[in-house]
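Order-wise, the sequence lines are chains D and P.
Throughout the first sequence, residue numbering follows my numbering, covering 1 to 190 in sequence.
Throughout the second sequence, residue numbering follows my numbering, covering 1001 to 1190 in sequence.
The C-beta atom is built at its ideal place from N, Cα and C for all residues, glycine as well.
Since the structure is predicted, the reported quantities are computational estimates derived from the model, not experimental observations.
Reading through the C-alpha cells given below for one structure.
There are 2 protein chains.
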Amino acid sequence: MEQQTTMKSRLVNGVNVNELFGTIDAVKGAPVIAKFRFRAENQWMDGGHNRTMIKNFYGTQQDHKRQESFMLDADEPPILLGKDKGPNPVEYALTALAGCITTSIVYHAAAKGITIHSMETRLEGDIDLQGFLGLREDVPRGYKEIRMFVKIDADVPPEELEEIINLGPTYSPVYDTITRAVPVSVQLEK
Amino acid sequence: MEQQTTMKSRLVNGVNVNELFGTIDAVKGAPVIAKFRFRAENQWMDGGHNRTMIKNFYGTQQDHKRQESFMLDADEPPILLGKDKGPNPVEYALTALAGCITTSIVYHAAAKGITIHSMETRLEGDIDLQGFLGLREDVPRGYKEIRMFVKIDADVPPEELEEIINLGPTYSPVYDTITRAVPVSVQLEK
C-alpha cells in the first residue's frame, strides 16, 4: 500500500484519514449532510437479461453526477434458462455484500491507524429454488444463509484479527440491509 | 420480443416456457435439485476499491463452472473518499434488487403466458451515513427504505398491470433477502 504523510493527506490503506476525520467532524456539526440517496435504473433486455445503469446519487445536500454511467448486465446461466450475459441477481447481492464488508473493514481500520496489507474474501449463499418457483410456501424465496470467509494480513497481533474482521458486520451498510429486514416498495409508474 | 412456437421450444418474453415447466416438474419429482449454492470471491485492491469475481455455482446436484469469470469492480465516489472505479456496494445492492424483481416478473409472466413488451425500472434508497460512521447507534447502517418504480408494457388490461408487478415482490429472491433479515456469518479464514 502506498503511504504518504503530509499535512494535507495521510493515507492508511489507501484511505485519506485526514479527509475521513474531516468528514466525521463535518457530519457531527451538520448531520443533514450524511443523508444520502442512491439510485439505479434498469432496463429489461430479453428473458433473464437486463441492464442496470448507475450514475447519480444525492448526498451532502446536493446531487452528484458521475461523468459516465456504470452499466451492469445481469442474466441467468443456461441451467436457469438464461444466456449467461452477466452474473445473476443473487450473485450481484453477494458482490454487494463482499464489497461492503471489505470497504467497511478497510475504512474503519484506517480510522484506527491499522494498516492492512492484503484481504481476500469468499462468500457462499444457499437458495432453494422451490421458493422462487412457488412450489412451497415454507421455503424462503431468497438466501437461507450467507457465509463469508476473510483472509487478511494486517499490522496487528494474530489474536486481534477477529476484531478487525468484526468491523465489517459492525459497520457495513449492505450487511445491515441484508440482516435487518429493510422495507422495499415496488410500484407501478404510469 | 422474438416469439417462436415449436414442439421443442415456446418462447414467451425470451423465456423457454417448455423448459420452465420441465424444470418445475423435475423439481416436484426431486426437490433436491432445487438446492443451489451461489459463490463470489473478492479481492481488496486499495482504499474503497475492490474486485469481485463470479464464476462457479452449485445446483441440480452438480458444480457449474462458467468458461469465463465475471469481474465486478466496486469503489466509492470521491465524496466518499474513493476514486469512482466502479459503483459502490450499496449501488450493487440496488442492482441486485432491480435485476431480480425484473427477472421474477418476466419469468412468472411467461409461465402465465403473458407477453411483456418492455419494462424499465428505477430505484432509490435512503442511507444516513451517521450509521456507517458510527456516530449514532439509533441510525441504521444500511438502507432505511428502498423504493422501486416500474414502467411496463404488457399484454394485459391496464387494471391488471399491478398484478403483474406484484409477481416481483412475491417471487424475487433478492427482494426476499433484503426484506426478510437473512443470517450472514463473517469469519476469519486462517
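Proximity of the segment 132-142 of chain D to the segment 94-113 of chain D falls short of the contact definition, fewer than three beta-carbon pairs being nearer than 8 Å. Only L1161, E1162, I1165, G1168, P1169, Y1171, S1172, P1173, V1174, Y1175, D1176, T1177, I1178, T1179, R1180, A1181, V1182, P1183, V1184, S1185, V1186 and Q1187 from the segment 1158-1187 of chain P bring a Cβ to less than 7 Å from some Cβ of chain D.
Of the other Cβ atoms in all chains shown, fewer than 16 fall within 10 Å of the Cβ of D:E160; this residue is therefore exposed.
Non-local beta-carbon contacts of P:E1076 in its own chain, meaning distances under 7 Å to residues more than five positions away in sequence, involve G1048, G1082 and N1088 in chain order. Using a 10 angstroms sphere on the CB of P:V1032, the tally of other CB atoms stays under 16, which defines it as exposed.
For P:T1115, not one C-beta of chain D is nearer than 8 Å to its own C-beta. DSSP places D:T95 inside the alpha helix (DSSP H), whose first and last residues are P89 to A111.
Within the same chain, Cβ atoms closer than 7 Å to the Cβ of P:F1036 are found at F1057, Y1058 and G1059, the five residues on either side in sequence being excluded. DSSP, reduced to helix, strand and coil, places D:A154 within a strand of the structure shown. The beta carbon of D:V27 sits closer than 7 Å to those of I33 and A34, all from its chain and outside the five residues before and after it, given in chain order.
Taking 8 Å as the upper bound for CB-CB distance, D:A98 and D:T121 are in contact here, some 6 Å apart. Between D:I101 and D:M148 the beta-carbon gap is near 6 Å, inside 8 Å, which marks them as a contact. Assigned with DSSP and collapsed to three states, D:N13 falls in coil, not helix or strand.
Residues are counted here when their Cβ sits less than 7 Å from a Cβ of chain D; for the segment 1034-1058 of chain P these are A1034, K1035, F1036, R1037, F1038, R1039, A1040, E1041, N1042, Q1043, W1044, D1046, G1047, G1048, N1050, T1052 and I1054, given in chain order. P:K1035 sits in a strand when the DSSP states are folded into three classes. Residues of chain D with a Cβ closer than 7 Å to the Cβ of P:D1084 are, in chain order, R66. Around P:Q1130, the beta-carbon contacts reaching into chain D at under 8 Å are V27, P31 and A34. Counting along the chain, the unbroken beta strand (DSSP E) around P:Y1058 starts and ends at H1049 to G1059. From the listed residues D:E68, D:Q61, D:L11 and D:N50, the smallest Cα separation to D:Y92 is found for D:N50.
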